[in-house]
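In full-length UniProt numbering, the protein residues as written are 1 to 268. We put the CB at the ideal spot given by N, CA and C, even for glycine. No experiment lies behind these values; they were computed from the predicted model shown.
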Amino acid sequence: MVDRDVLRQVTVAAAVGGGFVAGVSGDYGDAAAGPSPVVPANYAFVIWTPIYAGLFGHAVHQALPARRRDPVLRRTGWATACGVGLSGLWVWTQDLPALELPLIAVTAAAAVVAYTRAAPADPAEAASARDRWLVRVPLGLFSGWITVATLAGGGEALIASGISAPWPGAAAWATAALAAAGATGAALAWWRPVSLAYAAAVTWGLAGVAVRVLPQQPVPGTAAMLAGAAVAAAGVLGARRRRTPGSRGGRAPGAGPAGPAASAAADR
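Structure follows, in structure tokens:
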């Protein structure tokens, strides 16, 4: 019988490697030349470098025999594999909006699930530097950027499908979409302050939108700037709340109160 933990380890490693190869081999074009007012400036996409550096570290970490039964990796593994693996396929479906839109939705959902499940379930997990840098930070960066990429990719897919913005016009709809992205990012950064990396990635992406759009379209550009500021503030406040004694903001569902488990932190 196949060991489910081994299968999960192999699947996550394959998804990270496959997602990287599929992603870097695609043709993304020039963001500045596109018609969508919710796509970040070209420079913002450099964030994929730290994202994949973290994901490769995560893939190696979770594949180690000693981590096979790790409860954190059991909680996050399948969702991570789904989100990372599918994200590499976006560029290959950009001319097929009927396929790209559901693909984007599933990727975003999986990324958020992986991120929220990375929340420490006990004081030992919370104190673990290994879990912080090899699980929570990589998944925070990835899911944060995917939050913004969902907005950008979804907007481009709708444009590619030939849908024209109804009244009150493209600028108004872009403003509403950016506000919704900011509200989503801020809510998650406050409600599940698993890692500041999530808020940092969302803020970076929205700032990239503001840099690209603000000179030509002041209203959506301002919305992107304000949304990014809101996410950054929520991330900082959420992190402070997580460190407050008695706060449950950073714990996974079902986590118990602090107790003797903290003594295990030295082994992590």
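Nearest-angstrom Cα separation, counted from residue j out to residue i
i      : j      : result
ALA105 : THR150 : 7 angstroms
THR11  : ALA234 : 34 angstroms
GLY77  : GLN216 : 42 angstroms
VAL211 : LEU7   : 43 angstroms
PRO193 : ALA119 : 8 angstroms
ALA170 : GLN9   : 44 angstroms
ALA177 : ASP3   : 43 angstroms
ARG130 : GLN62  : 11 angstroms
THR175 : ARG75  : 36 angstroms
PHE56  : PRO168 : 44 angstroms
GLY155 : PRO138 : 26 angstroms
Classification of residue i by the beta-carbon crowding that lies within 10 angstroms, buried from 16 upward
i      : result
VAL16  : buried
TYR115 : buried
TYR28  : exposed
SER195 : buried
VAL65  : Position check: residue 65 holds Pro in this sequence, whereas Val was assumed. The residue is exposed, with fewer than 16 neighbouring Cβ atoms inside 10 Å.
TYR52  : buried
ALA98  : exposed
Expected contact under 8 angstroms - CB spacing of residue i and residue j to nearest Å
i      : j      : result
ALA79  : GLY140 : Their Cβ separation, rounded to whole angstroms, is 14 angstroms, which puts ALA79 and GLY140 out of contact at 8 angstroms.
ILE146 : GLY83  : 7 angstroms
Three-state class that DSSP yields for residue i in the structure shown
i           : result
THR244      : coil
residue 321 : Outside the shown range of the chain, which is 1 to 268, sits residue 321, and nothing can be said about it.
PRO168      : coil
MET1        : coil
LEU188      : helix
TYR52       : helix
GLY34       : coil
Can you list the alpha helix (DSSP H) stretches of 4 or more residues lying completely in the region 78-125, in chain order?
-> 97-117
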